[in-house]
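Chains as they are written, first to last, in the numbering used here: chain A, 1 to 403; chain B, 404 to 806; chain C, 807 to 1209; chain D, 1210 to 1612.
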């Protein structure tokens, strides 16, 4: 595994747990973890349960000890590592978004397609597909229970940078993160709604905004937590006279909103924001179809609301389904009904499906091609916002993508 | 009062009740009600509590018996009636949307401004401003409790025409209704969010859609309830051989979605739909500011969720305020705390404020100018949707509008 | 009508409205209202819409102008007025609880039975039976949708006397009110759960408590609102030297809790309290049966949660039914779906059924006998609490009571 | 660890995880797991991550390899194993309820007290104390934020045996389980409410019921899942002719309800049931105090509702706190805000505190004495129910128990 911060910890928890909970045709060995700082990566290896560690990702991805490479780094290094790993014949699981640019994503998708021909598997980590309630939404749509999809309204709302004094961490820098709320959390709702509806976003009209354009430089940051550095180096933006912390420009969006048409005829609204005060991790999706509707909120990820419009009128309503029954996706291996699971379980489910796919010679989903298509939507959103919200079609992917 | 259907009944209930609940400087006498069908209007007068009835609205608006004209007809007749009533020196309360076209609305606003100079009052019936929880949202924003507004997300969702066999009532015909979901319910969220935030929508990028383009002709319909006519006259659209009911084209939008910028810097998403299966009257608004957030849902109109981000982090959350305390707007005259009020109470509150304004010589709000500005937003949405979602600025109103 | 305080206002609103909303075989004329204070009752008559007023209830109940007597006074005068009205051949509607003692209630039930033989109708005002969601619960149970009832859990929680400085109003005095939370709000959940389940409470084991035993004397109070009198007369309990307001003993319960068995085999818990901080009018009922469950909360009286355990396991859950459809009880006469009603509508529904019963010669429910049975449950609770929570059977009513 | 079923799996997950998430002064080695069936325990050791396995618990508890014994067996073997382990000088963590009888529990508490003098630690596994929202409730009460506690209403509702064909698993047999819903889930709400309020239950008046008195014998069952055996041995209760599955008597309660007084003056209602259709794992607690209230539901264990009655009246309400902030108990080691945790995390928190206590020479809570006190409440409930709901005082524990 490459990367040991927030995503690295979540993935490690999943790798440690997957064989404890699921009967799988292969057993995972947590071989080696890689990072840039020797001291920190050694600590991480020890704490997170990896047999060894290295600071040389190139050695890692070519090691004979390794079958699978799991990429948890910031988006700017995804392409290089993934391409090398695929070239070395390793199965690859890569965190989302697939890459920081469409060009990189295209290259990765092409490499994955080529590797697939030789039995090498690849997958992009849109873990929320494996939240049981999300999988169940997909099943309901597939079974026709919603009828013709009319509306999608999706929002992924957080508030961790509302404070203008929150520092300029890597996620706020375009060269590291590619984009801001859009790529980080907007990508999730784009993938999730396309996955659930089975429809693609055809075009968008978008606005993006950066509400706070200068922020203090961090003393050193990792993931979502950071501290302001009051004494840090100054590169043209901060104070040099001690009157305040050095600052730097925020180069990504704080929020993105867009309307869209899906290729099956639905209208959609999307919103991704890090400025939605009081919303901590509120990925909310509502889908209305001619026969029913579903509602999901990641802050209550064990629940799904389902409205079945084929019931008698007097008995219709949104049913709060506690998605913890053995009949529900992924749940039979966990606890008794009503005993809820948490955020990290989505990763365990992801690893479960990945391990099974690799062991049985199947292709896991979402493929790199599907992840590329999400990247193309992100790109259309960005271009629309740059061109005064003009309607912008999403470019088509080179080849059909498995549903 | 002109009109006796859904809005007529709701307004009548309010007129009957307002002096029973509130101490006001004037007492209402329900003089005369007007409609086209003599039998129906006579029944309505008797049932709804009006002293007399007429089929001649011109006689009504010039009658010496009348001080106030309340216009509850479909939008295509608002302008003509309102202009005549203002010309006759009557105070006017006109249902929303103010008119079916911007031109009419401009004329009405000008007439209202002229009449105001002679002490004649006018008001547009955006009744949801007087839902206590909505008024309270406005108060919180005014008091600075939300800080700088960052996001508005507003949706008004209904589902009463999901069934393609629902007939072609007047609300689905452009010549009567002006527009569909946009003007009928979209107007409410435009007015409500501008009122609450104190900000205007500066520009929009919009999509509208008519999902079901042909519908059966109704046998006769009023308001939101209708029956399909299987044997009706056919004017080019229906069957002539008895194989099915006659149909006609739906000439208004079923749904409208748009993104917007508010003039105070906030990003906003709006959605109005009659195809949101399971949502009956779901006017939902969430506003996020730098210091707090509020959430409102008309289906639970006695509740307001308020997130105060100035509280200690461990105690923050959305507080479900039951807006039924004597300290809350309009509530001290009603029942003890926790005893909820209903939809029609918003009209009683509207009439309360209107009566008080007229009796004390003040101008009630929203004025016709404010209602014109909503009309200009609706127009911008329509034009954006017609021009492939192009960014469209909202035209400015001729004169400053009182806040 | 006798009484013009909280209940008087609510009943007047219902009498004014009932013929405006419902087609009924008789039309109500609001003839005369009675109270002790001439000035106040004259004001009330004017404000609430009564043709005349009087301070002599005996004259009222024998007046030739009057067909129906509506008793909204405190419980200590119910028996005397109702007996006189029935003796005078007037139809009687009496607020709950029927009386302050079992003896009075027995006498009233006997008088009502005798009067019934001569075509005189009587009814006790348990208005919550006519909240549409409550009526719907009854219908679901009757239709067998819940199967065998296993559990009832009912609570009626308020918090209006949490403050020890809240004054000693008549509702806190045993000679006026009979009991405290138990009779005032506990009576509602006893009646409601027996009505919905079709089962009677067979026996109880109870605790009651008065948390605050001395309170300031009020300057004058009505209904649920009161002010402390700092200078009032002192009768042995208050200060005579001006060091504080005069106080008096609270002679009723602040809260009552009990477990019970229903005669159909269900276990039940009941709680009535005026000390449930944050709960304003939280009448909450959950009923679990072998085939399904229902949940109701008066603070969201337009909603009913229904769990149908006969659906596929993966789709089961509590369905939030918005009880505003024309298919729902009482609703077809009101507003379109999703447009909610309020607390006072339950009285309009009550008057609707009462008027229809009187006009068609049917007996309205709940009868005085049913109300007597509730009184017997209250009595069993009181006796159990007095005897150290001993199991106490509910006495049987003299004659079979119509379901 | 002794036991490898439901609780064994949950505890194993916690032992595997605790050092991965928390920095602790000691690191856990998962040495050996014990069970009766060699094949199954070997499988469990392999799957759950134990170094070795045995079928001889006496060997296990005296092994030199072992410092801590974790008892996850049914209640009938707790006492024997715990006493042996304590005698062998092992630290002991024992699942709840502490024992099946008061006599056993007294013996265990005495042994724990004696062992404590020699530095041997013991703890009973009431894991819900370590759900962060529950810990936070305790902190709010301790800080005086609720004022004087007036009401406790607690229910633990499940529905897994509503179906009369659900088989007679060990949890339905008194000799194995001690009691039914009362000891299994009722014990949790007794402990939790006493822990949160800091008050003890002084006396109770109770009803228990077994709704389904005969059930099919299981083919073999573990934990909460079982299958009916259609061909099993018959011991006097089942069919001998093959016309139906053999059945046996249910010897424990299906449900228990009781009212109680807490020693600080509060009134309380408690309910534990396995017949609450639609409730899967609904441990619900509401506590009302003179200054505020809290509400918790285990099915939404990441949330706490807090009503602060010291806020301005117009802003009061129940605040839904998402208990996922680093400021909240146990949370700083997990995921970013809004990323929820699951049921099993309560065990990880339990092990965290246990490991820290053992490593630092402190006594973990709840002690065996506290668990004995819960047992005494269970005993009072049982005796009250047996004696026609008579008021029954809870026996006092032999010695003061640390708060």
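A virtual CB, placed ideally from N, CA and C, is assigned to each residue, including glycine.
Nearest to residue i (by Cα), restricted to the options the options
{"i": "residue 1604 of chain D", "options": "D:1334, D:1593 and D:1506", "result": "D:1593"}
{"i": "residue 1367 of chain D", "options": "D:1535, D:1286 and D:1480", "result": "D:1480"}
{"i": "residue 727 of chain B", "options": "B:719, B:714, B:710 and B:703", "result": "B:703"}
{"i": "residue 928 of chain C", "options": "C:1182, C:1063 and C:1159", "result": "C:1159"}
{"i": "residue 898 of chain C", "options": "C:818, C:807 and C:864", "result": "C:807"}
{"i": "residue 101 of chain A", "options": "A:201, A:393, A:392 and A:373", "result": "A:373"}
{"i": "residue 522 of chain B", "options": "B:760, B:483 and B:407", "result": "B:760"}
{"i": "residue 1257 of chain D", "options": "D:1233, D:1553 and D:1224", "result": "D:1224"}
{"i": "residue 1373 of chain D", "options": "D:1484, D:1390 and D:1389", "result": "D:1484"}
Spatial neighbours of residue i in its chain, beta-carbon cut-off 7 Å, leaving aside the 5 residues before and after
{"i": "residue 289 of chain A", "result": "146, 147, 148, 149 and 150"}
{"i": "residue 19 of chain A", "result": "27 and 28"}
{"i": "residue 1216 of chain D", "result": "1281 and 1304"}
{"i": "residue 729 of chain B", "result": "735"}
Neighbourhood of residue i by C-beta, 6 Å cutoff - its chain only, sequence neighbours within 5 removed
{"i": "residue 466 of chain B", "result": "none"}
{"i": "residue 226 of chain A", "result": "Reliability of the predicted coordinates at residue 226 of chain A is poor, the pLDDT of 47 falling under 50, and no value is obtained from them."}
{"i": "residue 105 of chain A", "result": "98, 99, 372 and 375"}
{"i": "residue 21 of chain A", "result": "333"}
{"i": "residue 576 of chain B", "result": "654"}
Cβ neighbours of residue i in the same chain (closer than 8 Å, five flanking residues each side left out)
{"i": "residue 595 of chain B", "result": "529, 531, 532, 537, 557, 686 and 688"}
{"i": "residue 36 of chain A", "result": "55"}
{"i": "residue 800 of chain B", "result": "512, 772, 775, 776 and 779"}
{"i": "residue 1597 of chain D", "result": "none"}
N- and C-terminal bounds of the alpha helix (DSSP H) containing residue i
{"i": "residue 483 of chain B", "result": "481-490"}
{"i": "residue 1345 of chain D", "result": "1341-1351"}
{"i": "residue 1222 of chain D", "result": "1215-1230"}
{"i": "residue 771 of chain B", "result": "771-789"}
{"i": "residue 840 of chain B", "result": "No answer is possible for residue 840 of chain B: the residues shown for chain B start at 404 and end at 806."}
{"i": "residue 526 of chain B", "result": "From DSSP, residue 526 of chain B is part of no alpha helix (DSSP H) but of the beta strand (DSSP E) over 525-528."}
{"i": "residue 1001 of chain C", "result": "993-1003"}
{"i": "residue 578 of chain B", "result": "577-580"}
{"i": "residue 844 of chain C", "result": "844-854"}
Residue range of the unbroken beta strand (DSSP E) whose run includes residue i
{"i": "residue 53 of chain A", "result": "52-54"}
{"i": "residue 204 of chain A", "result": "201-209"}
Next item on the list: Could you run through the segment 318-347 of chain A and flag, in chain order, every residue whose CB is less than 9 Å away from some CB of chain D?
Entry: Taking 9 Å as the Cβ-Cβ cut-off against chain D, the residues of the segment 318-347 of chain A that qualify are 322, 324, 325, 326, 334, 335, 336, 337, 338, 339, 340, 341, 342, 343, 344 and 345.
Note to self: What are the residues in the segment 8-31 of chain A lying within 9 Å of chain D by C-beta distance?
What the structure shows: Taking a C-beta cut-off of 9 Å against chain D, the contacting residues of the segment 8-31 of chain A are 9, 10, 12, 13, 16, 17, 19, 20, 21 and 23, listed in chain order.
Note to self: Closer than 8 Å is the cut-off here; do at least three beta carbon pairs connect the segment 828-847 of chain C with the segment 857-873 of chain C?
What the structure shows: Touching, yes.
Notebook entry, point to check: At a Cβ cut of 8 Å, what residues of the segment 1564-1597 of chain D count as close to chain C, listed as they run along the chain?
Noted result: The segment 1564-1597 of chain D vs chain C, Cβ under 8 Å: 1597.
Notebook entry, point to check: Which residues, taken in chain order from the segment 1354-1368 of chain D, show a beta carbon closer than 9 Å to some beta carbon of chain E?
Noted result: Protein chains A, B, C and D are contained in the structure displayed, whereas chain E is not.
Next item on the list: Could you list the residues in the segment 654-678 of chain B with a C-beta less than 7 Å from some C-beta on chain A, going in chain order?
Entry: Among the residues of the segment 654-678 of chain B, those with a Cβ less than 7 Å away from any Cβ of chain A are 658, 660, 661, 662, 664, 670, 672, 674, 676 and 678, in the order of the chain.
Item checked: contact_flag[the segment 303-322 of chain A, the segment 1122-1137 of chain C] where n(CB pairs < 8 Å) is 3 or more -> By the Cβ criterion, the segment 303-322 of chain A is in contact with the segment 1122-1137 of chain C, since at least three pairs of Cβ atoms, one from each stretch, lie closer than 8 Å.
Check: So, do the segment 1543-1553 of chain D and the segment 747-755 of chain B have three or more beta carbon pairs nearer to each other than 8 Å?
Finding: Counting C-beta pairs closer than 8 Å gives fewer than three between the segment 1543-1553 of chain D and the segment 747-755 of chain B, which falls short of the contact rule.
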